[in-house]
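For the sequence shown, position 139 matches number 139 in UniProt numbering, and the numbering has no gaps at all.
We put the beta carbon where it would ideally sit given N, CA and C, even for glycine.
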Amino acid sequence: MGGDRPARRRGAGADGDGPDPVGRRGARQELPIGSIRRRRHHPHPQHHHRQRGVQDDGLRHGLLLRGDRAGHARAGAAHLAGAGGAGADRGGRARRGGGGAVILVVNTGSSSIKVAIFDDALQQRLSGAADGIGAAAGGLKVGEVTREAQFANHVAALQAVLEQLEAQGFPVSRLRATAHRVVHGGARLTEPVRIDDAVVAEIARCNPLAPLHNPHNLAAINALRDLAPDLAHFASFDTAFHATNPPVATTYAVPPAITERGIRRYGFHGISYASLTRALPGIAGGTLPRRVLAFHLGNGASLCAIRDGRSVATTMGYSPLSGLTMGTRTGDIDGNAVLRMAEEDGIDAAARLLNHESGLTGLSGVGPDMRTLLGDSSPEAAFAVDHFCYWARRHAGSMIAAMEGVDALAFTGGIGENATTVRARIMEGLEWTGLVPDANAAGAARLHAPGSSVGAWVVPAAEERMIAADAAALLDADA
């Protein structure tokens, strides 16, 4: 989940970058579950008088809005099944011309903001990012414009991104909607939603579950709501796809009082898996296989058992720490081992070790990049790769059991799409399923040989487009 590192401690600010940026509107509120379902759009929205922080006022006054609140162009219905391709101009170049309304997708991480512009056919028109937020040195890249920059906080970075989008032909006045990736929706936010004050409060309620991410997700949401209060704003949740997991899969074997405090399995990478589920039939040239074992392999890595298009099990749990060996995270580890480390080294040191100094980095002593490890001749690097592949295969067996069989494998994410050696080693350990890998499939979308009873495919990640599609579907439902 790019940027999906788990919490170092309960309620901590993101990477220690200062106070919670949503404290002014982040108070906990108990909401009826029905109040946070999909909201119908009202032609004359009621705007609540919300106190703005200094940072939000700076964003509003720092931009030339050029009539942004005078009305927004509305594109026709975006038919998701017919919106072709994964998007044009994927290199980030703006296709100028045409004044149609667009959707701005915002993905706010612990130290970065990534954005993408999609038109009403869900074609990507422009992309950009600001990184190094809160650090001594950062960078801004929007389209072909790249420069060094320093950002004190996420709102300052968002302002810089919006200014550059405007300079390249996409001012706020062209937006049909904003659509945000939110890491954690908890047990209540289990589908894409139109954002209102109740949704903001519920996201804030989930801050302890994702303290490195949800507060920053909210900072961008609040800033854009203040900047363009008449605009439709939407959220898609990384945990939502796994809401279909049965209770036996999500419940830890602890007393109910502990479960009621939110200690349960949630799962992550859900937007990636939803995108994969939508894209796989077109890549495979047919309908979605009934039982799909999906591999999201990157710096963060997980597996998902997808039966009849719905998640029934996944390897990540309460946080993104559990499951597979990852770039800097341990994956599964015995709780008593964690308690011992916390007792001997302190909670903060143990959390740092588990989340940021382990996984491929800890095993190899080299780092988290799979490309570097595959090219390294040291036994430590080789063992780290072995460990990654072994635990992917071992967890695959668990996911296959949860689905009661498997009809297809699908690989996505940076490693899943590009590391042919890693894919091959994982598939070689799964030939007992009836899979026959194609030895000549390097670089191809289809990874299985003719006659294989189990298919295997590469599915390019398209999370931003999935978020835009979620927003477009809700806009169409409100039309």
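Give the straight-line distance between the Cα atoms of M466 and A220, rounded to the nearest whole angstrom. Reading the sequence shown from its first residue, position 466 is the one you call residue 466. Reading the sequence shown from its first residue, position 220 is the one you call residue 220. C-alpha separation (whole angstroms): 19 Å.
Could you name each continuous alpha helix (DSSP H) segment of 4 residues or more that falls completely within the segment 383–454, going from the start of the chain to the end? Counting only runs of 4 or more, we get 413–418 and 420–428.
For the alpha helix (DSSP H) containing T250, name the first residue and the last one. Within the sequence shown, residue 250 is the residue found at index 250, counting from 1. Where T250 is concerned, the enclosing alpha helix (DSSP H) stretches over P247 to T250.
Closest to E463 by CA distance: which of A152, A235 and L231 is it? Reading the sequence shown from its first residue, position 463 is the one you call residue 463. Looking at the Cα atoms, A235 is the closest of the given residues.
Whole alpha helix (DSSP H) runs in the segment 193–229 with 4 or more residues, listed along the chain? 197–205 and 214–227
Label G34 either buried or exposed according to how many other C-beta atoms from any shown protein chain fall within 10 Å of its C-beta, with 16 as the threshold for buried. Within the sequence shown, numbered from 1, the residue matching residue 34 stands at position 34. With a pLDDT of 35 at G34, under the threshold of 50, the predicted position of this residue should be treated as unreliable, though the coordinate-derived value follows. By the C-beta density criterion, G34 is exposed, having fewer than 16 other C-beta atoms within 10 angstroms.
Touching by the beta-carbon criterion (3+ pairs, under 8 Å), the segment 452–462 and the segment 419–434: Proximity of the segment 452–462 to the segment 419–434 meets the contact definition, three or more beta-carbon pairs being nearer than 8 Å.
Quick one: what's got a C-beta closer than 6 Å to G287's C-beta in the same chain, skipping five residues either side? Position 287 of the sequence shown holds residue 287. The sequence given here places Thr at residue 287; Gly does not occur at that position. Only P281 meet the Cβ criterion.
What residues in its chain sit with their C-beta under 6 Å from that of Y266, if we drop five residues either side in the sequence? Working through the sequence shown from its first residue, we reach residue 266 at position 266. Closer than 6 Å at Cβ, skipping near neighbours: T239.
Whole angstroms are fine: how far does the CA of K114 sit from the CA of Q150? Position 150 of the sequence shown, counted from the start, is the residue given in the question as residue 150. Position 114 of the sequence shown, counted from the start, is the residue given in the question as residue 114. Taking the straight line joining both Cα atoms gives about 16 Å.
C-alpha gap between C304 and G139, whole angstroms: Taking the first residue of the sequence shown as position 1, residue 304 is located at position 304. Taking the first residue of the sequence shown as position 1, residue 139 is located at position 139. Approximately 34 Å between the Cα atoms of the pair.
Cβ-based burial, A419 [other Cβ within 10 Å; buried from 16]: Your numbering for residue 419 matches position 419 in the sequence shown. Buried, by the Cβ-count rule.
Please give the ranges of any beta strand (DSSP E) in the segment 127–166, keeping only runs that are unbroken, at least 3 residues long and fully inside the region. DSSP assignment within the segment 127–166 yields the following whole beta strand (DSSP E) runs of 3 residues or more, N-terminal first: 138–142 and 145–149.
Top-ranked residue by Cα proximity to L360, from D348, P379, D345 and H395: The residue given as residue 360 occupies position 360 in the sequence shown. The shortest C-alpha separation from L360 is found at P379.
Classify G23: buried if its beta carbon has 16 or more other beta carbons within 10 angstroms, exposed otherwise. Here residue 23 refers to the residue found at position 23 when the sequence shown is read from its first residue. Confidence at G23 is low in this model, with a pLDDT of 33, below 50, so its placement is unreliable and no value can be given for it.
Run of the beta strand (DSSP E) containing H180, from where it starts to where it stops: Counting from one through the sequence shown, the residue named residue 180 turns up at place 180. That run of the beta strand (DSSP E) goes L175 to V182.
Please say whether K141 and G132 have beta carbons closer to each other than 8 Å? Counting from one through the sequence shown, the residue named residue 132 turns up at place 132. Counting from one through the sequence shown, the residue named residue 141 turns up at place 141. Result no, Cβ atoms of G132 and K141 do not sit closer than 8 Å.
Within 10 angstroms of the Cβ of N245, are there 16 or more other Cβ atoms? Answer buried if so, exposed if not. The residue you call residue 245 lines up with position 245 of the sequence shown. Classification for N245: buried.
Residue from R371, L175, G443 and E148 whose Cα sits closest to the Cα of F411: Along the sequence shown, one-based indexing puts residue 411 at 411. It is G443.
In or out: Y252 buried (at least 16 other Cβ within 10 Å) or exposed? For the purposes of this step, residue 252 is identified with residue 252 of the sequence shown, where counting begins at 1. When all chains shown are included, Y252 counts as exposed.
Leaving out five residues before and five after S112 in sequence, what residues of the same chain have Cβ atoms less than 7 Å from its Cβ? As a first step, residue 112 is located in the sequence shown; it is residue number 112 there, counting from the start. Closer than 7 Å at Cβ, skipping near neighbours: G3, A129, A130, D131 and I133.
If contact is defined by three or more beta carbon pairs under 8 Å, each pair taking one atom from either stretch, is the segment 254–263 in contact with the segment 291–311? no
Looking only at C-alpha atoms, which of L321, E163 and L297 sits nearest to E417? Along the sequence shown, one-based indexing puts residue 417 at 417. Looking at the Cα atoms, L297 is the closest of the given residues.
Check this for me: beta carbons of I195 and H154, under 8 Å apart or not? Within the sequence shown, the letter at position 195 stands for residue 195. Within the sequence shown, the letter at position 154 stands for residue 154. No, they are not a contact pair.
Once the 5 residues before and after A441 are set aside, which same chain residues still bring their CB inside 7 Å of it? One-based indexing of the sequence shown puts residue 441 at position 441. Cβ neighbours of A441 beyond the five flanking positions: L447.
Taking 8 Å as the limit between beta carbons, can you name the residues of its chain near A160, skipping five residues before and five after? As a first step, residue 160 must be located in the sequence shown, where it is residue number 160. Closer than 8 Å at Cβ, skipping near neighbours: A130, L140, A149 and F151.
Exposed unless 16 or more other CB atoms sit within 10 angstroms - verdict on P211: Residue numbering aside, residue 211 sits at position 211 when the sequence shown is read from its first letter. Buried, by the Cβ-count rule.
Exposed unless 16 or more other CB atoms sit within 10 angstroms - verdict on residue 482: Residue 482 lies beyond the stretch modelled for the chain, which goes from 1 to 479, so this question has no answer here.
Which listed residue (W391, H184 and I415) has its alpha carbon closest to that of D332: As a first step, residue 332 is located in the sequence shown; it is residue number 332 there, counting from the start. Measuring from the Cα of D332, the nearest candidate turns out to be W391.
Straight-line CA distance for G143 to G414? Within the sequence shown, the letter at position 143 stands for residue 143. Within the sequence shown, the letter at position 414 stands for residue 414. Each residue's Cα considered, the two are about 21 Å apart.
Going by alpha carbons, who is nearest to V105 out of P289, D478, D470 and A479? Within the sequence shown, numbered from 1, the residue matching residue 105 stands at position 105. When only C-alpha atoms are compared, the closest one is D470.
Quick one: what's got a C-beta closer than 6 Å to A116's C-beta in the same chain, skipping five residues either side? Translated into positions along the sequence shown, residue 116 becomes position 116. Correct list, in chain order: V105, Q124, S127 and E464.
On a CA-only basis, which of R329, G323, M341 and D348 is nearest H356? Give me that one, please. If you number the sequence shown from 1, residue 356 lands on position 356. Looking from the CA of H356, the closest CA among R329, G323, M341 and D348 belongs to R329.
Going by C-alpha to C-alpha distance, which of G186, T178, H242 and V254 sits closest to L227? Locating residue 227 in the sequence shown gives position 227, where the first residue counts as 1. Measuring from the Cα of L227, the nearest candidate turns out to be T178.
Closer than 7 Å: D230 CB and nearest the ligand FMN heavy atom: Here there are no bound small molecules, and the ligand FMN is not part of this structure.
Identified DSSP bridge partners for T314: Numbered from 1 along the sequence shown, position 314 holds the residue referred to as residue 314. Looking at the DSSP assignment, T314 forms a beta bridge with C304.
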